Amino acid sequence: MIKKISSSKCVAAIDIGSRSIRMTIAQISGGELEVLDELQQAVRLGKDSFYKGKISRTTIDESITILNRFKKICTEYRVTKIRAVTTTAVREASNVDIFVDNIRTFTGIELEILTPSKESEYIYRTLSRGLKEKSSANEQNAIIEVGSGSVELTIFNRDFIIFSTSLPLGALKLKQTFSRAQNSAENFRTYLKSIIEHELRNLKRTFNLGKIKSVYGIGSELEVIKELINSERGKEGASIDLQQIKDIYSRAKNYSDEEIVHKLKVSHDLAETFYPALLIFLQLTDLLQAERVFIPKMSLKRCIIADMMGSLNNRNFFNKLQKQLKQNAIELGERFSFDRKHAEKVLELSIKIFDLTRDIHRMGNLEKCYLVLAAMLHDIGLAISNSSHHKHSQYIIKAQEFFYFNETQKNIIANIARYHRRSSPKTTHPDYVALCHKDRMTVMKLASILRLGESLDNSHLQLVKDIKLESHGNRATITAMVEDEIFAETNSFKSKKELFVEFFGYTLKLKVKKI
Amino acid sequence: MINKELFFNREFSWIEFNYRVLEEALDKSTPLMERLKFLSIFSNNLDEFFMVRIAGLISQIQSGYNAKDSSGYTPQEIVEGLEARIKELVKMQYNCYNEEIKPRLESEGLLIYTANTLPEQYKDELRELFLQKYFLILTPMAIDQARPFPFLTGKGLNLLIALKNPESAEELFAIIPIPSKNRFIPIPGSEDNRYILIEEMIKLFCNHFFEGYEILSNCTFRVTRDAELSLDEEYAIDLLSAIEDELKRRKKGTPIRLEVEATADEALINFLHSKIKFFKGFDFYIDGPIDFSSFTDLVFRNGFENLKDSPFPPIMPVELRDKKRSIFDIISEKDIMLHHPYVSFDPVVRFIEEASVDPAVLAIKQTLYRTSGDSPIINALKKAAERGKQVTVLVELKARFDEEQNINWAKQLEKAGCHVVYGLVGLKTHCKIALVVRDEEEGIKRYIHLSTGNYNDKTARVYTDTGLFTAKRSFGRDGSAVFNLLTGYSDPPRWKKLITAPLDMRNFFLERIEIERKNRKNGSKARIIAKMNALIDIKIINALYEASQAGVKIDLIVRGMCRLRPGIKKLSENIRVISVVDRFLEHSRIFYFYNNGNDDIYMASADWMERNFDKRIELLFPIESSSIKKEIKDIFEIIFKDNEKVRVLQKEGQYKRLSIKDSKSYNSQSETYKYYQKRNSDKGRKESHLFIPKKKPEERI
């Protein structure tokens, strides 16, 4: 009997990290994700990047060789999709573009450079999906990802990420920054302590840390710790006793790199960063005063695989993302003392218009998420100055980190916010022309919607309670449900509707209806 | 306690192993042709021992190295000890041939003539044959002032001739290298089974080469040379061509041993002594044909079946008899163990052959250490590559004495489009693993074959080895990782099932031994059974001593060298070491640990030797199927019942056979064969089907 031969359902995720290039090949088998193969080869990307500021030619060539070998393995499994991501080591190299282009030219692999927040988001989504016990709504947990180039801290509750930041405390990077100075190991420790304390003070200023229930520690050094603890207690436990990590830390503190290798059975490539990584993790967990510590088996590659397999994209994803973005915007806005009520009203109205005009603008959930941030933050520039505040909003937004969004996407959002008033997009505006045609049109469309939403709360008094939309041919009418008279809003609507009218070719009328 | 009391010396132990081989030839109850075979194996083993081990000791002596080894002997002392024992054994070997085997062969109608014994009546026809077929291909080399002593390759047989020019009365010597193939020449015009050895024929007619000269005397002789390759792998840009160069050099290795026909006169001997710088003491004067290794040719010819072992035709396991079913479907159902040569090697060939033509197969990967002359596996791999499958073959170029053949394979496979790799610098790839990747309806699925022996269909008929077919995911993951490691595509992963050397195999065994020791110390039952070819590793031996002292009962089935001293009070009194030498070469490596009743069983490509743990890529795999576990335990029981071919190692180092006086004789290899016959008969099949446990969901693949 000849069995039906399937078309392969294998995908591969490649993570180009600071120490090594790793690949995971997986398939969905019997409804479960099955990892078929995992490869890793050491490469000095981090050392190059953090030491010399750029990736050396030798390292580029090595990376190309490794990636071509990995591709050969992919053909053996008939892998259909390969996704390659990279983080700090490549991101921070001055020749990042050359690296990316070399990889593309000589291996055909398109490298995706992840921002820290994007990386945290992947980790969060994979982790939260795997969490068995459901926590209560207001309980907060944290992910601390101790990487070689930076440390990512993510605070989340049952539903979404509340806060996420990238701390410049990567163990390898710190070690290498310090190694340029000629100092003893003892001095390094003092330096390390002071720089960690400095970063943590900054952290406390930017975010009001609440009580943290569980901390999830992620990183190669932490995995070693977990194995050490498990082998000492002879079994695998769910959570890790913080005291045990502290015990290992106090032992490691006095060891040389060689002793760390022999006495703690840490591999050579992790030995030099073992102590700093541990110290950073412990300081952070102390700061967070977590009740429990977990070190889950988690890697960026696995998260990417899960994403590729679509197992992360459940129906609620964009709903959750919107909630999360709104929450982030509130955190940010409050630091700038924004008018929260106005922001939330503009958001509500804009989203409503967005939903009601879907047939006209034909945009999707991703664009809706841009709108969420732009609507919430359109007035944030008022904190700088009333005059030209839309321009201040633009650069403030651009300077932030948001989950899920890359630099271009952030620029789209900043542009939308900017164009909530005054001039419509022009090709003389540098940040606008920086976008590709399609993205510019997205800005144009969303700005036109935001302008409508903003005009309907022009008084900042939240007088419009609800809206309705009716359309016949290319005529549309928005009905504003109000309890009292509105003036500012009707006035503003007249001028602010123009962008929408011009773009979509609709005539737009506002009717006011008392309820 | 000094070292001599703790550890046997490995070379002395090896010699005793070869003596056990010789014993089989000496044993009158062994069928005549098999006795001849054992004489040949004895010779062949000894040749390699000279080329590698003794050569190594000699180079130590010559470089002035004089430290004691862990058993307390200096290289000089070892070489002296070996010389005495080897001379003794070689004498026994030739006595056996001349006094017993040769006369009996003659009485059975198989005659091997020499130049002196060939009856006149055959000479004319033989001369015709010589002149037509051999005269032109032989190259006699005269030696005089103008023509120096020629270079003679190691192991090749030569004829030395003393000549005289009757006019000038000048005396000189000439050498004719003897072709190494087809040594037995059927005598034209005679009955069947009348042979003359090629060198004896050349002796008879060599005057044709030297017309005008008088032949004074002649003798055959042979030089054995150092055959170690010295390679600097790290700096070899192209390993294949580096090894090719080294092989050419090897032929020119230092001479170690000189064997000369015992009838040689003084002039011939003096000449050889003056020209060949063999190691002092290693000159042997042979009363009979030099080099028995080619005598297996006679044994493997058809005829004289009554003088051979009754055949044990390999059994096809019932589960694999249906040729219409895909072997992959069969393996999917359950793990299958193949115990060669009792059980056929054909399924392994079928595994690769089916994979080569199966449209669902995406990739085949396999290691090759030693394989046969016209290997069906290599042909299948080539076919697969030609059909566009991804074929990765790891050819170990440094497999001793198979280097040339393996270079040949490597080139052939590469030409067919296989991805050929040579493994890792400084480590020989000794593990035996084959992996097939299939794209099935449910997704990618992998099939693995792991074995204790080589992918060699010829030796698989003589060597006892165990192989495992499995389709378990965890084995598949590890299998892929093994190849990623061997091809240099990945650093080692965290293994799921397999244990590898040089990474952690020794530690794994030390831990397992320690667990037994602790369990016994805590008053629980503890037991270790280990079967292998050689036990050399000092760390393992010390761990076994400690376990014995704690009271762990340890049975070691070690076919060859063993450095462990069993039965010493307060050291090793709970350890028993036995060795089985019989028609099949015991080669499987199987390890059993009681582990509080878990009956953990593992198989491996490695012996307990430093070189396996530290210098080679080796694999150890666990046996998870309860029916295979049962099978292994049955086999161990059969070996323990043997009283015919089993030898027990004594505390002084000798091996003693058991006396069978009162009990019925019991031969473990024959009984093992019967065991598999029964197991695979219809009746045995029914019985074994009665008690198959229901599979748990996680066991399903």
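If you read the protein sequences in the order shown, they are chains A and B. Here the numbering used here is used: the first residue of the first sequence is 1, the next is one more, and so on. Here the numbering used here is used: the first residue of the second sequence is 516, the next is one more, and so on. For every residue, glycine included, the Cβ atom is placed at its ideal position computed from N, Cα and C. All figures in this text were calculated on a predicted structure; none of them were measured in a lab.
**Study point:** Contact set between ASP1006 (chain B) and chain A, taken where Cβ atoms lie within less than 9 Å
**Key:** For the purposes of this step, residue 1006 (chain B) is taken as the residue at position 491 of the second sequence. Those are SER20, LEU39, GLN40, GLN41, ALA42, listed as they occur along chain A.
Check your understanding: Over what stretch of residues does the beta strand (DSSP E) that includes HIS472 (chain A) continue unbroken?
Key -> Within the first sequence, numbered from 1, the residue matching residue 472 (chain A) stands at position 472. Looking at the DSSP string, the run of the beta strand (DSSP E) that includes HIS472 (chain A) is 464-472.
Exercise for review: Alpha carbon to alpha carbon, how far is PRO856 (chain B) from ASN518 (chain B)? Give it in angstroms, no decimals.
Suggested key: The sequence position of residue 518 (chain B) within the second sequence is 3, counting from 1. The sequence position of residue 856 (chain B) within the second sequence is 341, counting from 1. Roughly 39 Å between the two C-alpha positions.
Practice item. Could you tell me which of A:LEU282, A:MET363, A:SER350, A:ASP37 sits nearest to VAL293 (chain A), measuring between CA atoms? Key: Counted from its first residue, the first sequence places residue 293 (chain A) at position 293. The residue with the shortest Cα to Cα distance from VAL293 (chain A) is A:LEU282.
Exercise for review: For CYS10 (chain A), return the contacting residues in chain B, with the cut-off set at a CB-CB distance below 7 Å.
Suggested key: In the first sequence, counting from the first residue as 1, residue 10 (chain A) sits at position 10. Going along chain B in sequence order, the residues near CYS10 (chain A) (Cβ under 7 Å) are ILE959.
Check your understanding: Among B:ARG1162, B:SER1178, B:LEU625, B:ARG1035, which residue has its Cα nearest to the Cα of ASN817 (chain B)?
Key -> For the purposes of this step, residue 817 (chain B) is identified with residue 302 of the second sequence, where counting begins at 1. With distances taken between Cα atoms, ASN817 (chain B) lies closest to B:LEU625.
Point to revise | Cβ contact (3+ pairs, closer than 8 Å) linking the region 1124-1134 of chain B and the region 943-957 of chain B | key: Between the region 1124-1134 of chain B and the region 943-957 of chain B there are three or more inter-stretch CB-CB distances shorter than 8 Å, so the stretches are counted as touching.
Practice item. Quick one: using the 10 Å Cβ neighbour count with 16 as the cut-off for buried, is ASN1089 (chain B) buried or exposed? Key: Within the second sequence, numbered from 1, the residue matching residue 1089 (chain B) stands at position 574. Burial of ASN1089 (chain B) is indicated by the presence of at least 16 other C-beta atoms within 10 angstroms of its C-beta.
Exercise for review: Taking only beta carbons into account, state which residues of the region 948-974 of chain B come closer than 7 Å to chain A, listed in chain order.
Suggested key: Within the region 948-974 of chain B, the residues whose Cβ lies closer than 7 Å to some Cβ of chain A are VAL952, ASP954, GLU955, GLU956, GLU957, GLY958, ILE959, listed in chain order.
Exercise for review: For LEU312 (chain A), collect the residues of the same chain with a Cβ closer than 6 Å to its Cβ; drop the 5 residues on either side in sequence, then sort them by chain order.
Suggested key: Within the first sequence, residue 312 (chain A) is the residue found at index 312, counting from 1. In this prediction, LEU312 (chain A) scores a pLDDT of 49, lower than 50, which makes its location untrustworthy; no coordinate-derived value is stated.
Check your understanding: For the region 1029-1051 of chain B, which residues have a beta carbon sitting closer than 8 Å to at least one beta carbon of chain A?
Key -> Within the region 1029-1051 of chain B, no residue has a Cβ that lies closer than 8 Å to any Cβ of chain A.
Review point. Using the beta-carbon count (16 or more within 10 Å), is GLN289 (chain A) buried or exposed?
Key: If you number the first sequence from 1, residue 289 (chain A) lands on position 289. GLN289 (chain A) is exposed by the Cβ-count criterion.
Exercise for review: Label ALA476 (chain A) either buried or exposed according to how many other C-beta atoms from any shown protein chain fall within 10 Å of its C-beta, with 16 as the threshold for buried.
Suggested key: The count along the first sequence starts at 1 and reaches residue 476 (chain A) at position 476. So ALA476 (chain A) ends up on the buried side.
Review point. What is the residue span of the beta strand (DSSP E) that ASN733 (chain B) lies within?
Key: Position 218 of the second sequence, counting from 1, holds the residue named residue 733 (chain B). Counting along the chain, the beta strand (DSSP E) containing ASN733 (chain B) begins and ends at 729-740.
Check your understanding: Touch check for the region 323-342 of chain A and the region 375-394 of chain A: three-plus C-beta pairs under 8 Å?
Key -> Cβ pair count under 8 Å is three or more, so yes.
Exercise for review: Please state whether DSSP places ASN923 (chain B) in a helix, a strand or coil.
Suggested key: Stepping through the second sequence from its first residue, residue 923 (chain B) is reached at position 408. If DSSP states are grouped into helix, strand and coil, ASN923 (chain B) belongs with the helices.
Review point. Under a three-way DSSP split, which group does ALA1041 (chain B) fall into?
Key: Along the second sequence, read from residue 1 onward, the residue named residue 1041 (chain B) stands at position 526. Of the three classes helix, strand and coil, the one that applies to ALA1041 (chain B) here is coil, per DSSP.
Exercise for review: Taking all protein chains shown into account, decide if ALA497 (chain B) is buried (16 or more other Cβ within 10 angstroms of its Cβ) or exposed.
Suggested key: As shown, chain B starts at 516 and ends at 1216. That puts residue 497 (chain B) outside it, with no answer to give.
Exercise for review: Please go through the same chain and pick out, in chain order, the residues whose beta-carbon is closer than 8 Å to the beta-carbon of ILE691 (chain B), but skip the five residues on each side of it.
Suggested key: As a position in the second sequence, residue 691 (chain B) is number 176, starting the count at 1. Within the same chain, ILE691 (chain B) has close Cβ partners LEU653, THR654, PRO655, MET656, ASN673, LEU674, ILE676, ILE717, CYS721, PHE724.
Practice item. Mind checking the region 972-994 of chain B against chain A and listing, in chain order, the residues whose C-beta falls within less than 9 Å of any C-beta there? Key: Under the 9 Å Cβ criterion, the region 972-994 of chain B contributes ARG988, GLY991, ARG992.
Review point. Name the residues in the region 894-924 of chain B whose C-beta lies less than 7 Å from a C-beta of chain A; which are they?
Key: Answer set for the region 894-924 of chain B: GLN905.
Practice item. Apply the 10 Å Cβ neighbour rule to THR428 (chain A) and answer buried if 16 or more other Cβ atoms are within range, or exposed otherwise. Key: By one-based count along the first sequence, residue 428 (chain A) stands at place 428. The residue in question, THR428 (chain A), is exposed, as its Cβ has fewer than 16 Cβ neighbours within 10 Å.
**Study point:** Collapsed DSSP secondary structure at LYS1193 (chain B) in the structure displayed
**Key:** Locating residue 1193 (chain B) in the second sequence gives position 678, counting from the first residue. Note: LYS1193 (chain B) maps to helix in three-state DSSP.
Exercise for review: Check the C-beta distance from PHE866 (chain B) over to HIS964 (chain B) and give it rounded, since I have them as a contact under 8 Å.
Suggested key: Taking the first residue of the second sequence as 1, we reach residue 866 (chain B) at position 351. Taking the first residue of the second sequence as 1, we reach residue 964 (chain B) at position 449. Contact flag correct, Cβ pair sits at about 6 Å.
Check your understanding: Can you find a C-beta in chain B that's less than 8 Å from the C-beta of GLU34 (chain A)?
Key -> For the purposes of this step, residue 34 (chain A) is taken as the residue at position 34 of the first sequence. With 8 Å as the cut-off, GLU34 (chain A) counts as an interface residue toward chain B.
Exercise for review: Rounded to whole angstroms, what's the CA-CA distance from ALA914 (chain B) to GLU121 (chain A)? Just pull it up for me.
Suggested key: In the second sequence, counting from the first residue as 1, residue 914 (chain B) sits at position 399. In the first sequence, counting from the first residue as 1, residue 121 (chain A) sits at position 121. Those two C-alpha atoms are separated by around 52 Å.
Practice item. Hey, could you find the ends of the alpha helix (DSSP H) LEU347 (chain A) is sitting in? Key: The residue labelled residue 347 (chain A) in the question sits at position 347 within the first sequence. Element bounds for LEU347 (chain A): 340-356.
Practice item. Would you kindly check if the distance between the Cβ of GLU76 (chain A) and the Cβ of VAL952 (chain B) is under 8 Å? Key: By one-based count along the second sequence, residue 952 (chain B) stands at place 437. By one-based count along the first sequence, residue 76 (chain A) stands at place 76. Taking C-beta atoms as the reference points, VAL952 (chain B) and GLU76 (chain A) count as a pair closer than 8 Å.
Review point. Any contact of the region 1029-1041 of chain B with the region 1065-1084 of chain B, i.e. 3+ C-beta pairs under 8 Å?
Key: Touching, per the Cβ criterion.
Check your understanding: Would you say ALA878 (chain B) faces chain A, with C-beta separation under 8 Å as the test?
Key -> Here residue 878 (chain B) refers to the residue found at position 363 of the second sequence. Any Cβ of chain A closer than 8 Å to the Cβ of ALA878 (chain B) would place that residue at the interface, and such an atom is present.
Check your understanding: How far does the beta strand (DSSP E) with THR985 (chain B) in it reach, from first residue to last?
Key -> Taking the second sequence and counting its residues from 1, one reaches residue 985 (chain B) at position 470. Element bounds for THR985 (chain B): 978-985.
Check your understanding: Taking the Cβ atom as the reference point for each residue, do PHE1151 (chain B) and TYR978 (chain B) lie within a distance shorter than 8 Å?
Key -> Indexing the second sequence from 1 puts residue 1151 (chain B) at position 636. Indexing the second sequence from 1 puts residue 978 (chain B) at position 463. With contacts defined by Cβ atoms closer than 8 Å, PHE1151 (chain B) and TYR978 (chain B) do not form a contacting pair.
Check your understanding: With 8 Å set as the bound, which would you pick, yes or no: does the beta-carbon of ARG78 (chain A) sit closer than that to a beta-carbon of chain B?
Key -> Locating residue 78 (chain A) in the first sequence gives position 78, counting from the first residue. At least one chain B Cβ lies under 8 Å of ARG78 (chain A).
Check your understanding: Any idea what DSSP makes of TYR122 (chain A), helix, strand or coil?
Key -> Position 122 of the first sequence, counted from the first residue, corresponds to residue 122 (chain A). In this structure, DSSP gives TYR122 (chain A) a helical state, which the three-state scheme calls helix.
**Study point:** Contacts around LYS552 (chain B), its chain only, beta-carbon distance under 7 Å, and the 5 residues preceding and following it disregarded
**Key:** Reading the second sequence from its first residue, position 37 is the one you call residue 552 (chain B). Excluding sequence neighbours, LYS552 (chain B) sits near THR811, VAL814.
Practice item. Compare the C-alpha of LYS880 (chain B) against each of B:TYR970, B:GLY704, B:ASN923, B:TYR1191 and name the closest. Key: Residue numbering aside, residue 880 (chain B) sits at position 365 when the second sequence is read from its first letter. Per the Cα distances, B:TYR970.
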